[in-house]
Each structure stands twice: as C-alpha cells, then as structure tokens.
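>
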Amino acid sequence: MATIGTVVLLTGKAFAINEQGVQRELHLGDTLQPGDIIIAPKGAVVELSLVNGQQVQISEQQTVNFTPELSDAILNNVIDPSAASIDQATIQTVVQAIASGQDINDVAKALENQNLGGPAGQDEHSFVDLLRIDEVLNQFEYRYDVASREFTDTNPLQQDRQVLSADVPYSAVNVSRIDQDLNSFNFQYGWKKNDFESRRYEDIRDGFDELHTQPSANKAPTAIATPASGNEDGGNISVNLSGTDTDGTIANVTVSSLPPASQGLLTKADGSPVVAGVPLTPAEAAGLIFTPEPNFNGTVNIPFTVTDNQGATSPVAVAPITVNSVNDAPTAANGSLSPTEDNTPMTVALAGSDVDGTIASYTITSGPTTAQGALVYDNDGNPTTPPIAVPFNTPLTPVQAATVKFVPAANYNGPVAPIVYTVTDNQGLPSAPATITVNDIPPNNDAPVAVDDLASTPINTAVPLNLAANDTDVDGDALTIQSINNVTLTPGTAQIIPVPNGTVNVSAAGVITFTPNLNYTGPAVFDYVVTDPTGATDVGTVTVNVGTNNPPTSVDVLKTIAEDTPLVLGTADFAFADADLGQTLVNVRIDVLPTNGSLTLNGNPVLAGAVISVADIAAGSLVFTPALNANGVAYANFTFSVQDSAGAFDTVPNT
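Here the sequence shown is numbered in our numbering, starting from 5 and rising by one per residue.
#1: With a 10 Å radius around its C-beta and 16 neighbouring C-beta atoms as the bar for buried, classify alanine 421 as buried or exposed.
#2: In this structure, how does DSSP classify alanine 405 when only helix, strand and coil are distinguished?
#3: Give me the Cβ distance between glycine 39 and asparagine 22, rounded to the nearest whole Å; I'm assuming they're in contact under 8 Å.
#4: Give the secondary structure of valine 618 by DSSP, where H, G and I count as helix, E and B as strand, and everything else as coil.
#5: I'd like the span of the beta strand (DSSP E) that includes serine 246, first residue to last.
#6: Using the beta-carbon count (16 or more within 10 Å), is threonine 564 buried or exposed?
#7: Is the segment 467-486 close to the segment 537-544, with three or more CB pairs under 8 Å?
#8: Specify the secondary structure class of threonine 271 as computed by DSSP and reduced to three states.
#9: What first and last residue would you give for the beta strand (DSSP E) that runs through proline 520?
#10: Only counting the same chain, and skipping five residues up and downstream in sequence, which positions put a Cβ closer than 6 Å to that of alanine 18?
#11: Let me know the secondary structure DSSP gives serine 188 once reduced to three states.
#12: Determine, using beta-carbon pairs with one atom in the segment 487-496 and one in the segment 431-441, whether at least three such pairs fall under 8 Å.
#13: Using a 10 Å radius around the Cβ and a threshold of 16 neighbouring Cβ atoms, would you call threonine 253 buried or exposed?
#14: Per DSSP, serine 370 forms a beta bridge with which residues?
#15: Reducing DSSP to helix, strand and coil, say where glutamate 73 ends up.
#16: Of all the options Thr461, Pro468, Leu469 and Pro452, which has the alpha carbon lying nearest to the alpha carbon of threonine 476?
#17: Where does glycine 211 sit, in a helix, a strand or coil, going by DSSP?
#18: Tell me, please, which residues DSSP counts as bridged to tyrosine 381.
#19: Rounded to whole angstroms, what is the Cα-Cα separation between leucine 52 and valine 68?
#20: Is threonine 309 helix, strand or coil by DSSP?
#21: Quick check: what's the CA-CA separation for threonine 362 versus proline 298?
#22: Which of the three DSSP states is assigned to leucine 79 in this structure?
#23: Which whole runs of the beta strand (DSSP E) in the segment 455-481 are 3 residues long or more, in chain order?
#24: Is the number of C-beta pairs between the segment 544-563 and the segment 504-520 that are closer than 8 Å three or more?
#25: Excluding sequence positions up to five away, which residues of its chain have a Cβ less than 8 Å from the Cβ of asparagine 305?
#26: Can you name the start and end residues of the beta strand (DSSP E) that proline 296 belongs to?
#27: For the pair the segment 435-447 and the segment 337-344, tell me if three or more CB-CB distances fall below 8 Å.
#28: Count Cβ pairs between the segment 263-274 and the segment 329-338 that sit closer than 8 Å; are there 3 or more?
#29: Can we say the segment 407-427 touches the segment 306-315, given the rule of at least three CB pairs closer than 8 Å?
#30: Mapping the DSSP letters down to three states, classify valine 255 as helix, strand or coil.
#31: How about threonine 367 and asparagine 397: are their beta carbons less than 8 Å apart?
#32: Check the C-beta distance from valine 646 over to serine 558 and give it rounded, since I have them as a contact under 8 Å.
#33: Serine 260 to glutamate 288, Cα distance in whole Å?
#34: What first and last residue would you give for the beta strand (DSSP E) that runs through phenylalanine 19?
#35: Pick out the complete beta strand (DSSP E) segments inside the segment 549-624, 3 residues or longer, and give them in chain order.
#36: In terms of residues, what are the limits of the beta strand (DSSP E) holding glycine 502?
Below, the structure is given as structure tokens:
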C-alpha cells in the first residue's frame with residue numbers, strides 16, 4: 005500500500021487508526037497510509053511531511069481523516085503547489101455562503117487572500133485553516149448534534165441555543181472543488197447553558213464523524229447507607245459508611261451527628277472516637293465500630309455525607325443500625341442483716357430487678373441453721389396465722405417473698421450463715437445468686453430467772469433459805485440477791501429485814517435465815533430480787549410454811565386393763581392432797597410390789613420401797629405389765645405413798 009506521508013515532528017502522544025479500526029501510537033518516522041485517521045489529543049501536536057512535498061501540522065484536539073479522495077490528491081500531486089495557504093477566517097462566512105446556495109469553489113477562491121480566523125460570535129468558536137485542493141470532495145459535511153437531539157434539514161432547534169450569532173439549522177454542505185491546500189476544518193463552541201453532554205463534528209475534508217464530550221459540571225456524589233445490625237449486649241457492630249461518584253472518586257466521609265451516649269459509642273477501627281463534622285477517609289469510614297450501651301436495643305441512626313475528589317458533597321444519608329432485643333437475665337440484690345440476740349424477727353429484704361421484664365419468683369437456696377435461727381414467711385396474709393418456715397429451693401411469689409423474716413434462735417449469739425437466693429423473670433430466666441450477709445449476733449446479756457422458793461419450819465423455828473440456788477441464768481453468770489421485801493442488801497453487812505409473819509436475817513457473809521413470828525403457824529410469803537453481774541434482775545417469791553408439816557394424803561385407785569396389755573401409770577393415778585399451803589407432789593414410794601405381774605421403771609424392775617420422781621412418772625416410765633395370758637378380777641395390786649415438797653410422806657399407804 006502506498007505511503008502518503010511521514011511523521012517528522014511529534015509533541016505529546018498522538019494516535020493513528022487504520023481502515024481496519026486498529027489504533028496505534030505514533031512515533032517519529034512513522035508512515036501513513038491512505039484511509040488512516042490521525043488523532044491529536046489535548047497537548048499533542050503532529051507534523052507530517054506529505055509525499056507531494058507539503059508540510060501539514062495537526063494541532064491538539066484535532067483529527068484528520070485521510071480519505072481515499074484526499075489520499076489520491078496527495079499521491080497524484082493534484083494539489084496546486086504554487087498556491088499558498090489561506091489564512092484562518094470565520095467559519096461563519098463559509099457556512100453562510102454555503103447556506104445561501106453559493107458554490108464552495110467560488111467561496112474558496114474569494115477567500116484566498118483573506119483572513120479566515122479569529123473569534124466568531126459570542127460563543128467562542130475557533131477554527132483551523134482551510135486549504136484548497138483541486139479535487140472535488142463530495143459529501144463534505146459540517147454538522148453537530150446536541151445531547152441526544154437530532155437535527156435535520158429545515159427543522160429548527162428544539163431548545164434555545166446560540167451558534168455563532170443566531171440559531172441556525174445546519175445540514176450537510178457539499179464542497180465541489182477547492183484549489184487551495186486543505187487542512188482540517190475544526191471548531192469548538194460553547195452553550196450559554198451548561199446542561200448538554202456532548203458535541204459532534206465532522207471533518208471538512210472526509211466526512212469523519214467523531215464524538216467529543218463537553219466537560220460537564222461536577223456531579224455530586226451519592227452517600228450509600230448500608231444497614232448494620234447486632235444483638236443487645238452482643239458486642240461490637242461493624243458499620244460501613246460509603247458512597248459512589250459517577251464522575252470521580254470519594255475523597256472523604258463525614259458523620260453529621262453522633263448517636264446519644266445512652267445508645268452507644270461510634271469509634272474508628274483503632275478505638276478512637278468518631279467526631280461529628282470531622283472528615284474520615286473512605287477506609288476509616290468502611291471500618292467503623294458501634295458499641296451499644298449495655299441493655300440497649302432499638303434503631304440507631306448515623307447521618308453522614310460523602311465528598312468527592314472535586315469537593316462536591318452528597319445529600320445527607322442515614323445509615324440505620326438495628327440492635328436486636330435479647331432477654332436480659334434479672335438481677336438479685338445483695339444485702340445484709342444485723343440481728344441481735346433475742347431480738348424480734350427481722351425482715352429479709354429480697355429484691356430483684358429486670359431491665360426488660362418483671363420478677364416472677366424468688367428462690368432461697370440456703371440460709372441459717374436451726375441452731376442459729378429460722379427463716380419464716382406469711383403464707384396467707386393473715387396476721388393472726390403463725391408464719392411458716394421457708395422451704396429452700398422452692399420458689400416464692402413476690403407477695404410471699406416480701407414477708408420473709410429471720411428469727412434468731414433464743415439466746416443464740418455468734419456467726420450466722422448467709423442467705424443465698426435467686427430471682428426469676430417473667431420469661432423463666434434466673435438471675436445469678438445474690439447473698440444477704442447476716443452479721444454475727446453479738447452476745448446479749450440475758451436476765452436471770454428467779455424460781456419461786458418453798459420452805460417449811462416448825463412453829464417458832466428459824467429456817468435457812470438459799471434463795472438463788474434454784475435461780476438460773478442462761479449466760480452462766482453468778483447470781484446474787486439484790487433485795488428482800490424491797491430492802492436492798494448491802495454486801496458484807498448484816499441485816500434484819502422484816503417480812504410478813506416473820507423476819508429475814510442476812511449475815512455479813514450473805515447467809516439468809518427466815519424466823520417466823522412467835523407462836524405463828526401458817527404460810528409466810530415475801531418477794532426477793534435476784535441479779536446478775538450486769539445488773540439484769542428478776543423477782544422471785546418465797547413461801548415458808550410455819551408449823552408442823554402435815555403429811556400429804558392420797559386415795560386408792562382401780563385400773564382395768566385388757567389381757568396381755570401393759571398399763572402405763574401417770575401422775576393422775578397417784579392422787580395428792582396436802583393441808584399445808586404450797587405443797588406439791590414430788591415423789592411416789594412403792595411400798596408393796598404387785599401380787600401378780602411386774603412393775604418396771606424405764607424397763608427395769610421396781611423394788612419395794614423405791615422412790616419414783618414425779619418427772620419419771622409424767623414421762624410414762626412407770627409401767628405395770630400383767631403375766632402372759634393372765635386375767636381376772638382383782639388380778640393384782642400394789643401399795644404406794646405420796647411425798648410432798650416439804651419431804652413428808654403419806655402416813656397411810658394407798659392401793
């Protein structure tokens with residue numbers, strides 16, 4: 005294939021496209037073939053040396069199509085070498101001449117010696133040289149399209165625009181012959197409004213149609229609100245704030261406002277907090293972390309914008325973060341009690357809470373031992389009904405739990421086991437155990453207990469009294485007599501204290517003696533006060549029977565039992581009567597053993613003359629057992645005598 009020219013000067017990068025549509029980058033020394041299209045982008049200049057000796061320069065943003073007609077003209081040297089290049093002139097002259105029906109050859113000749121360049125109208129069009137040629141170039145077209153609108157012959161523009169100085173419907177222009185050397189016919193134009201997308205123009209020489217994109221106004225980017233989610237108390241939630249830009253890249257992301265602290269904290273991946281209004285890099289914004297507050301659930305909104313690499317900012321988008329609700333375990337409250345020895349029952353404050361529900365039950369799993377005290381509750385709400393013991397590991401209703409009390413054991417002091425319990429919410433989820441600490445019960449002095457005293461003395465006979473001997477003190481303290489008949493005793497000092505029907509003598513050593521009045525017989529009764537070392541007191545009563553102690557009496561008893569059936573004897577079987585005031589049954593003496601059967605005490609045979617205490621009899625320890633298979637009326641009998649508290653036995657035994 006013939007060569008029509010060579011690249012002799014090259015600035016920047018330029019390209020050539022052959023007839024098969026293959027594009028290559030031009031270099032110095034490259035040759036051109038017929039049908040090649042030369043493209044000089046912005047910043048590029050290409051100078052060609054044609055085979056006919058002409059030098060052709062293709063400036064930046066120009067395109068030349070070496071059509072078959074143009075190539076033939078170059079190869080056959082049909083261009084008039086003696087003709088000089090015409091100057092640049094306004095394309096308006098050419099267009100108007102063609103539009104008015106003039107022959108393009110006449111127009112070209114008329115412009116041989118004129119300047120055809122410079123500004124053309126207010127829309128800043130510019131043009132390069134038109135070089136005349138001697139060959140007829142059919143289908144020479146000058147035409148433009150606005151965006152996607154198509155313009156045809158005789159039709160007006162569909163929107164107001166300015167081309168040169170007026171709106172003109174342009175269509176194809178035929179150039180029959182130009183005798184001058186021809187360079188590319190090219191132009192630029194601008195609209196008064198910037199809402200178009202592209203422009204098209206065609207090579208004046210060969211009808212080549214190329215699409216140029218008019219730089220449009222920077223389009224604002226779009227923020228992409230990517231939803232995020234996680235579970236309540238489930239840890240961190242990853243948050244991705246991003247955007248897209250059709251004509252650029254995202255330069256930064258800015259969070260407009262932060263969620264309230266009650267919802268949670270938004271941080272970068274490195275743990276540093278996100279600051280509202282401070283831009284983030286796209287990488288930072290893609291790796292944000294939201295940490296919900298404990299027990300928070302709901303929707304958190306993160307408003308943000310994105311800014312592109314040309315400074316345009318998107319409208320605000322809102323990225324939703326959903327924190328799903330999860331049932332939270334309830335919480336049982338710890339507490340403490342400080343009971344005192346012999347204190348009244350203390351309320352046990354069982355308490356629980358649930359952030360997302362209610363407390364359905366309370367369960368005490370362990371508590372004080374029986375020796376330390378008891379946990380009780382009111383089961384029916386009736387204050388007259390005695391409380392019942394709290395069963396461990398058994399749920400109590402909230403109403404029942406509100407009545408739980410700790411009752412210290414009588415006279416107990418020392419450590420007490422803690423009360424451990426759980427609460428369960430309305431969804432059946434139990435809490436972790438809570439502990440109510442029961443502080444040690446400090447020792448508390450217990451008052452002594454004065455036990456009434458009974459004594460007997462013959463008429464006109466003094467009787468010694470050991471009043472504190474039978475008194476008790478649970479703390480084990482030594483007891484002393486503080487006063488007798490409201491007269492305070494002075495330790496180390498002998499005192500005579502008058503009492504009803506006699507006197508009480510207290511020696512310096514503390515020995516107490518009662519002396520009845522002369523010739524008085526009968527009971528002498530007076531009070532005394534016993535005290536412990538801490539000053540706690542109790543009052544006792546002394547009864548002294550003056551005169552000869554009258555022995556007690558009893559009655560015979562008849563008992564009927566079934567064959568082979570033992571008989572347990574009780575205190576009611578031994579009747580007691582005494583003429584002396586204050587006497588009581590103390591013992592029973594077995595004078596004669598049964599004629600048949602056997603009499604045992606705690607399973608042991610009773611001997612004749614044995615003295616059996618009232619306590620043993622009351623305990624059911626004295627038993628008569630008939631012989632096996634024996635029976636009959638008056639089968640067996642034994643005799644006994646009762647003894648009073650002054651020591652006298654019945655003088656007439658009973659049967």
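The beta carbon of each residue, even a glycine, is placed where N, CA and C say it ideally should be.
Reading from the atomic positions:
#1: Here residue 421 is taken as the residue at index 417 of the sequence shown, counted from 1. Result: exposed.
#2: Working through the sequence shown from its first residue, we reach residue 405 at position 401. Here alanine 405 sits in helix by DSSP.
#3: The residue labelled residue 39 in the question sits at position 35 within the sequence shown. The residue labelled residue 22 in the question sits at position 18 within the sequence shown. Contact holds; Cβ gap of about 7 Å.
#4: Residue mapping note: residue 618 aligns to position 614 of the sequence shown, counting from 1. Of the three classes helix, strand and coil, the one that applies to valine 618 here is helix, per DSSP.
#5: The count along the sequence shown starts at 1 and reaches residue 246 at position 242. Here the beta strand (DSSP E) through serine 246 covers 245-248.
#6: Working through the sequence shown from its first residue, we reach residue 564 at position 560. Threonine 564 is exposed by the Cβ-count criterion.
#7: yes
#8: Locating residue 271 in the sequence shown gives position 267, counting from the first residue. Of the three classes helix, strand and coil, the one that applies to threonine 271 here is strand, per DSSP.
#9: Reading the sequence shown from its first residue, position 516 is the one you call residue 520. Residues 516-520.
#10: For this step, residue 18 is matched to residue 14 along the sequence shown. Excluding positions up to five away in sequence, the list reads Leu30, Ala44, Ala48 and Val50.
#11: Looking up residue 188 in the sequence shown gives position 184. With a pLDDT of 38 at serine 188, under the threshold of 50, the modelled position of this residue cannot be trusted; read the value that follows with caution. Coil.
#12: no
#13: Within the sequence shown, residue 253 is the residue found at index 249, counting from 1. Answer is exposed; the Cβ neighbour count stays below 16.
#14: To locate residue 370, count along the sequence shown from 1; it is residue 366. Val424.
#15: The residue you call residue 73 lines up with position 69 of the sequence shown. Glutamate 73: helix per DSSP, three-state reduction.
#16: For the purposes of this step, residue 476 is identified with residue 472 of the sequence shown, where counting begins at 1. The shortest Cα separation from threonine 476 among Thr461, Pro468, Leu469 and Pro452 belongs to Pro452.
#17: Along the sequence shown, one-based indexing puts residue 211 at 207. Reliability fails at glycine 211, whose pLDDT of 40 lies under 50, so the model's placement of it is uncertain and no value is given.
#18: Residue mapping note: residue 381 aligns to position 377 of the sequence shown, counting from 1. Paired residue(s): Ile392.
#19: Taking the first residue of the sequence shown as position 1, residue 52 is located at position 48. Taking the first residue of the sequence shown as position 1, residue 68 is located at position 64. Their backbone Cα atoms lie some 11 Å apart in a straight line.
#20: On the sequence shown, residue 309 is found 305 positions in, with the first residue counted as 1. Three-state result, threonine 309: strand.
#21: Looking up residue 362 in the sequence shown gives position 358. Looking up residue 298 in the sequence shown gives position 294. Between threonine 362 and proline 298, the C-alpha separation is close to 18 Å.
#22: Locating residue 79 in the sequence shown gives position 75, counting from the first residue. Three-state DSSP puts leucine 79 in a helix.
#23: 457-461 and 467-469
#24: yes
#25: Stepping through the sequence shown from its first residue, residue 305 is reached at position 301. Closer than 8 Å at Cβ, skipping near neighbours: Pro263, Val322, Ala323, Pro324 and Ile325.
#26: Residue numbering aside, residue 296 sits at position 292 when the sequence shown is read from its first letter. Start and end: 292-296.
#27: yes
#28: no
#29: no
#30: Counting from 1 along the sequence shown, the entry for residue 255 is found at position 251. The identity of residue 255 in the sequence shown is alanine, whereas the question assumes valine. Note: alanine 255 maps to strand in three-state DSSP.
#31: By one-based count along the sequence shown, residue 367 stands at place 363. By one-based count along the sequence shown, residue 397 stands at place 393. In contact: threonine 367 and asparagine 397 (Cβ atoms closer than 8 Å).
#32: Position 642 of the sequence shown holds residue 646. Position 554 of the sequence shown holds residue 558. With a Cβ gap of about 5 Å, valine 646 and serine 558 count as contacting.
#33: Position 256 of the sequence shown, counted from the first residue, corresponds to residue 260. Position 284 of the sequence shown, counted from the first residue, corresponds to residue 288. Going from the Cα of serine 260 to the Cα of glutamate 288 covers about 15 Å.
#34: Taking the sequence shown and counting its residues from 1, one reaches residue 19 at position 15. That run of the beta strand (DSSP E) goes 19-21.
#35: 589-596, 602-605 and 615-617
#36: Numbered from 1 along the sequence shown, position 498 holds the residue referred to as residue 502. Looking at the sequence shown, residue 502 is not glycine but proline. Note, proline 502: beta strand (DSSP E), 499-503.
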